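See below for the structure under consideration.
Numbering (my numbering), first residue to last: 28 to 148.
Encoded structure:
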């Protein structure tokens, strides 16, 4: 019987890792700009920005946008090795004021992170 030792570094290289997630107003040069947890309805659009490193293989993740625990939008995003940043956005309307969250999930439905924010006047 033979045993193969897998070091921690080898295991980490083969596991998807979310290294940065933020709600923001804009993206410039592939980076989030004006991160916040409260956004004005006048902004008209908000963005959920995520960065993964490593990405072991091409795979999908999901940004699930909820208003008061009601699923409003689902964005399927494809990630590619070795690392990848991706984003989804929401156009704001007057009736969107209130508490929101975005659940960032892997293809198995595991929540990797939840970002909470509010839309106000």
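From the three backbone atoms N, C-alpha and C, an ideal C-beta is built for every residue, glycine too.
Values in this document were obtained by computation on a predicted structure and should not be read as measured data.
| query | By DSSP, does residue 69 sit in helix, in strand, or in coil? | reply | helix
| said: Taking the alpha carbon of residue 146 as the reference point, which residue from 55, 47 and 68 has its own alpha carbon closest? | reply: 68
| field | Neighbourhood of residue 84 by C-beta, 7 Å cutoff - its chain only, sequence neighbours within 5 removed | value | 108
| message | Going by DSSP in three states, residue 122 sits in which element: helix, strand or coil? | response | helix
| Is the beta carbon of residue 139 within less than 7 Å of some heavy atom of the ligand ATP? | Absent from the structure shown: the ligand ATP. Ligands present: none.
| said: Taking DSSP's pairing of strands, which residues face residue 128 in a bridge? | reply: 93 and 143
| With respect to the beta strand (DSSP E) encompassing residue 109, which residues constitute its N-terminal and C-terminal limits? | Where residue 109 is concerned, there is no enclosing beta strand (DSSP E), given that its DSSP letter is neither H nor E.
| field | Simplified DSSP state of residue 57, which is helix, strand or coil | value | coil
| query | Who are the Cβ neighbours of residue 119 in its own chain at under 7 Å, not counting the five residues just before and after it? | reply | 68, 70, 71, 72, 73 and 146
| Nearest to residue 135 by CA position, among 88, 62, 48 and 110, is which residue? | 88
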